[in-house]
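Per the numbering used here, the sequence shown runs over residues 4 to 406.
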Amino acid sequence: MIGLLRKQVHLRTNDLKPHYDVVIIGGGGHGLAAAYYLARVHGVRDVAVLERSYIGAGGTGRNTTIVRSNYKTPETIAFYKKSHQMFLELGQELDYNMLVTPRGLLWLAHSDNQLRLQRERAALNQAFDVETVFLDAAGVREVCPQLDMTGGGGKHPILGAAWHPKGCITRHDAVVWGYAAASQRLGVHVHQGIEVTGISTEGGRCVGVTTTAGPIAAGVVMSAVGGYVSNVARMAKIRLPIITHPLQAYVTESYKPAFDRVVASADLHIYISQSARGEFLIGAEIDPYTSYANASTWPFIASASARAIDLLPFLAKLRILRAWTGACDMSPDYSPVMGTTELKNFYVSTGWGTWGFKAIPASGLSMAELLATGKVPALIAPFRADRFRDDRAISERASAGTH
Ligand SMILES: Cc1cc2nc3c(=O)[nH]c(=O)nc-3n(C[C@H](O)[C@H](O)[C@H](O)COP(=O)(O)OP(=O)(O)OC[C@H]3O[C@@H](n4cnc5c(N)ncnc54)[C@H](O)[C@@H]3O)c2cc1C
């Protein structure tokens, strides 16, 4: 009982100060995690997170909560492996129940090309000590007996899959609230309802921000605004290799827990899981146009449902409860963009696209180190914004939940 009373789970309101050592724009997972590790690991506590809406209003509160490390390049495997490990211990670290639920992820192959790609994924993961194994059709049936192995009457027969047993789902609100509350316990200010409207510069360096609540001076500023990064980049007069696309998802009503896998298909551009609340959750690829629109569309739901039913025919009997959409900051190579920018003392954590939820702990830890020490940690060095100029793109098609 005493423990329960001691633990702060509601956000305090702090008076906004005219100066902070660090200002972080955006109260999503990436901004809040960086604030937490600045205070916890580096003792930098004079930190403000400025969120224009409510914390978790962006992608962090809208995602499909899949955490995995079965990536396809050495740089991204190392990064997501670290983040996946941190996720498994996050509840204890933040003293907050993250409802981490082991699921195991199956990446289905319906064609010879996908068989080759999923075999390659398993081999590369194993080379970097990430547990992914290739299964033939019989192995897939054993791991997930509900699948229609004919893929809708022979349309998309399931020939094999890459199986990532440690893949899990977790509670996205808990990640936001856990980091926010733990940061506040360490002295960080989390301000909701304050929008950053300008980046202040002096002599070619960033010296603070202007906001709807007035100007704030800062030693360093970090942008972690998800799909809205182009607006902030414009304020800072820098260019970033990011465009924003909508990503939709939807859930059915709650049903008895009966499906304990995440199933993804690159050929069908679809993934399916059952949430801890019993809702069947269906996600797919980004909409093929740039937009900040948050609207869900019937064509998306109809087309994704048809593909999902080909894999799991029982879904046809379920009733859809709600749909939602988020803005995704897409990079050209599907890898994140983290680090310094052309503007001194102005840092970015972006390019999180459709894959950034699982990256929150490792990104927060690494960005905090960069902000506190000025040195780029080796784990995120490959993800610098100017890599495209040097032909150092990290082409990572496994970022999308459907590749
Ligand atoms: C439908 C969907 C499903 C997804 N599924 C997964 C998944 O299963 N696994 C996975 O790893 N990733 C997934 N993602 C991606 C993931 O959600 C995002 O990459 C991640 O949450 C981005 O976090 P963030 O902190 O960078 O940004 P956000 O969480 O978007 O936070 C940015 C915050 O900045 C605020 N802001 C914007 N502009 C300003 C301003 N000028 N001043 C102050 N505040 C501002 C916004 O209000 C917002 O709260 C999914 C995304 C969507 C939309």
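Using N, Cα and C, we set each Cβ at its ideal position, and we do this for glycine too.
Nothing here was measured: the structure is a model prediction, and the numbers come from that model.
Can you check DSSP and say which residues form a bridge with residue i?
i: Q251; result: T328
i: Y350; result: M225, T343
i: V136; result: W166
i: H22; result: A220
i: L53; result: I28, H194
i: A296; result: Note: A296 sits in no beta bridge, so no partner.
i: Y274; result: A267, G286
i: P105; result: C171
i: S308; result: The partner list for S308 (beta bridge, DSSP) is empty, contrary to what the question assumes.
i: I323; result: T255
i: M238; result: Partner(s): none; M238 has no beta bridge.
i: M333; result: I246
How would you call residue i, buried or exposed, if buried means at least 16 neighbouring beta carbons within 10 angstroms?
i: F349; result: buried
i: F317; result: exposed
i: G359; result: buried
i: K378; result: exposed
i: H248; result: buried
i: H22; result: exposed
i: S398; result: exposed
i: S72; result: buried
i: Q95; result: exposed
i: Y83; result: buried
i: A252; result: buried
i: A381; result: exposed
i: D139; result: exposed
i: A239; result: buried
i: H13; result: exposed
i: S86; result: buried
i: A261; result: exposed
i: E92; result: exposed
i: W110; result: buried
i: L324; result: exposed
i: I5; result: Interpretation of I5 is limited by its pLDDT of 45, a score under 50 that renders its predicted location unreliable; the figure taken from the coordinates is listed afterwards. I5 is exposed by the Cβ-count criterion.
i: W301; result: exposed
Go ahead and pull the three-state DSSP assignment for residue i.
i: T200; result: strand
i: I397; result: coil
i: H214; result: The sequence shown places Thr at residue 214, rather than the His named in the question. Strand, per DSSP.
i: G377; result: coil
i: L127; result: helix
i: R392; result: coil
i: T68; result: coil
i: R208; result: strand
i: F90; result: helix
i: A112; result: strand
i: M370; result: helix
i: Y99; result: coil
i: A36; result: helix
i: V44; result: helix
i: L150; result: coil
i: K383; result: As written in the sequence, residue 383 is Ile, which differs from the Lys given in the question. In this structure, I383 counts as coil in the three-state DSSP scheme.
Could you tell me whether any Cβ in chain D is nearer than 7 Å to the Cβ of residue i?
i: A239; result: Reference to chain D is not applicable here, since this structure consists of a single protein chain.
At a threshold of 6 Å, does residue i count as lining ligand 3 (C-beta to nearest heavy atom)?
i: A396; result: Ligands present in the displayed structure are limited to ligand 1, and ligand 3 is not among them.
Is it a yes or a no for the region 184-198 touching the region 164-176, going by three-plus beta-carbon pairs under 8 Å? Not touching, per the Cβ criterion.
Are the region 40-49 and the region 194-208 touching by the rule of at least three beta carbon pairs closer than 8 Å? Contact between the region 40-49 and the region 194-208 is absent, because fewer than three Cβ pairs lie under 8 Å.
Counting Cβ pairs, one atom from each stretch, are 3 or more of them under 8 Å apart for the region 273-290 and the region 116-129? The region 273-290 is not in contact with the region 116-129.
Are the region 238-253 and the region 283-297 touching by the rule of at least three beta carbon pairs closer than 8 Å? At 8 Å Cβ cutoff, the stretches touch.
Answer yes if the region 148-157 comes into contact with the region 305-316, meaning at least three C-beta pairs across the two stretches below 8 Å, and no otherwise. Contact between the region 305-316 and the region 148-157 is present: three or more C-beta pairs spanning the two stretches fall below 8 Å.
Segment contact, 8 Å Cβ cut-off, at least three pairs: the region 103-117 with the region 254-270: The answer is yes - the region 254-270 touches the region 103-117, with three or more Cβ pairs under 8 Å.
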